[in-house]
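A.B. asks: Provided herewith is a single structure, encoded as C-alpha cells, for subsequent inquiry.
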Amino acid sequence: MIIERKDGNGFTFTVSIAQNELKQKVHDVLILEGYTLKEGTSGAGIYEKGNRVARLLLGAFVKYYKFEIQALEDGGTTHLSLVKKTSGMSGGAIGVGQVKNEINRLAIVFEKIK
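Under my numbering, the first residue of the sequence shown carries the number 32, and numbering increases by one thereafter.
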C-alpha cells in the first residue's frame, strides 16, 4: 500500500487489490491490533481501542483511540482512508500526542498490506 495523502486528520492510501480483499485485510489487521468494529462495516466503519469513560476520568493514563476506515474502488485502484475520530484532548497534551503516534503507527502497519 502506498500513502497517497497525509493531513492533520489522517491518511489516504492507494493499493492495486480488490476493495473486498482490502476491506478484509484491514479489518483483520485492526482486530489483531486490539481494535473492535463499533459502527458500520469492515470497509466503511469506525474502530475503537480502549475505554472512553476511563479516558475521561483518568486522562492520558488510559489509552483510547477511535478511527474511521473507508475503502473506495476507482477502476483497478482501491483507495483507503484512515481518519482519526478523536483528538485525544481528554488526555491533555499527552493524549493528543498518543493519538498522533497511534495513527502514524497504523499508517506504517497499513503500508505493509499487500
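Here a beta-carbon is modelled for each residue, glycine too, at the ideal position from N, C-alpha and C.
#1: Where does I100 fall in DSSP's three states?
#2: Looking only at its chain, what residues have a beta carbon closer than 8 Å to the beta carbon of M120, apart from the 5 residues adjacent to it on each side?
#3: At what residues does the alpha helix (DSSP H) containing F141 begin and finish?
#4: Measure the CB-CB distance between S112 and V130 and report whether it falls below 9 Å.
#5: Determine the burial state of I47: buried for a count of at least 16 other Cβ atoms within 10 Å of its Cβ, exposed for fewer.
#6: Less than 7 Å between C-beta atoms, sequence neighbours within five positions excluded: which residues of the same chain meet that for N82?
C.D. replies: Let me lay it out:
#1: strand
#2: G126 and V127
#3: G123 to E142
#4: no
#5: Residue identity differs from the one stated: residue 47 is Ser in this sequence, not Ile. With fewer than 16 Cβ atoms within 10 Å of its Cβ, S47 is classed as exposed.
#6: V93 and Y95
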